[in-house]
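The C-terminal residue of the sequence shown carries number 191 in this note's numbering, and the numbering is unbroken.
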Amino acid sequence: MAVSGETVAQAVDRYLNSTGSGRVEKYLYPFLYLDSSGFRDPEPIRQAAARAAMEHPAVSGYFTAGGACSTHDEWERRFRNSFHPVRSGDVILSYHPEYVEDFAQGRGVSYGSLYNYDVRVPLMFYGPQFRSGVFESPVESVDVAPTLARAIGVAAPSSSTGHVLGEALVE
Numbered sequence: 021m022a023v024s025g026e027t028v029a030q031a032v033d034r035y036l037n038s039t040g041s042g043r044v045e046k047y048l049y050p051f052l053y054l055d056s057s058g059f060r061d062p063e064p065i066r067q068a069a070a071r072a073a074m075e076h077p078a079v080s081g082y083f084t085a086g087g088a089c090s091t092h093d094e095w096e097r098r099f100r101n102s103f104h105p106v107r108s109g110d111v112i113l114s115y116h117p118e119y120v121e122d123f124a125q126g127r128g129v130s131y132g133s134l135y136n137y138d139v140r141v142p143l144m145f146y147g148p149q150f151r152s153g154v155f156e157s158p159v160e161s162v163d164v165a166p167t168l169a170r171a172i173g174v175a176a177p178s179s180s181t182g183h184v185l186g187e188a189l190v191e
């Protein structure tokens with residue numbers, strides 16, 4: 021089912037206005053950007069906005085720029101990995117599985133879901149350094165750089181957070 025994030029943002033904005041605690045500056049899926057100018061600590065406003073968003077039936081979870089999260093499991097890790105302190109909004113929202121953002125008159129295509137069915141993608145390596153086969157182990161995109169580095173015999177990037185996909189290497 022398609023949901024308009026603008027509708028969610030408007031509901032959050034009404035709530036924030038009613039409490040005098042800031043306003044929604046803009047919504048850009050999946051982020052709420054808040055205007056909390058004039059407040060020393062914006063985190064309580066972020067959390068209030070996140071809780072207000074959770075009142076919408078489509079919203080299943082949130083993560084704030086201050087690190088507050090609606091869950092403390094694998095989802096929290098996925099939220100944290102999706103957050104960038106400069107480019108991300110004040111609040112990241114996630115929808116329930118049956119909902120997608122309403123882009124282009126409800127075509128039903130979106131990105132940014134944290135659900136397994138949206139984050140599972142095929143990963144292929146080719147060359148003499150790699151084994152042939154199908155491997156079902158969970159991997160993440162951050163695993164590509166250290167794996168390629170090992171395959172060509174150089175050190176992994178210093179900022180790399182992934183691990184080497186050893187089962188794919190001939191070694």
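Ideal placement from N, C-alpha and C gives every residue a C-beta, glycine not left out.
Are D122 and S24 closer than 9 Å when you measure CB to CB? Taking 9 Å as the Cβ cut-off, D122 and S24 qualify as a contacting pair.
Whole beta strand (DSSP E) runs in the region 22–110 with 3 or more residues, listed along the chain? 43–48, 51–55 and 79–84
Does DSSP classify V120 as helix, strand or coil? strand
Between G42 and S180, what straight-line distance do the alpha-carbon atoms span, to the nearest angstrom? 37 Å
Given A165, which residues of its chain have a CB within under 8 Å of its CB, disregarding the five upstream and five downstream residues? Excluding sequence neighbours, A165 sits near A176, P177, S180 and G182.
Measuring only the C-alpha atoms, how far is F99 from E191? 34 Å
Which whole-angstrom value describes the C-beta separation of A72 and Y47, a residue pair presumed to lie in contact below a C-beta threshold of 8 Å? Incorrect: roughly 13 Å between the Cβ atoms, too far for contact.
Per DSSP, Y115 forms a beta bridge with which residues? V79
For L185, three-class secondary structure by DSSP: coil
Would you grab the beta carbon distance between H11 and S80 for me? Rounded to a whole angstrom, and I think it's under 8 Å. This structure does not reach residue 11, given that the chain is present from 21 up to 191, and the question cannot be answered.
Given I65 as reference, the closest of G173, S38 and A22 once Cα atoms are compared: S38
How many angstroms separate the CA atom of S90 from the CA atom of V44? 20 Å
Whole angstroms is fine: what's the gap from A29's alpha carbon to L54's? Taking the Cα positions, A29 is about 10 Å away from L54.
With burial defined as no fewer than 16 other Cβ atoms inside 10 Å of the residue's Cβ, what is the status of I172: buried or exposed? exposed
For S114, count neighbouring C-beta atoms within 10 Å of its own C-beta (all shown protein chains included) and say buried if the count is 16 or more, exposed if not. buried
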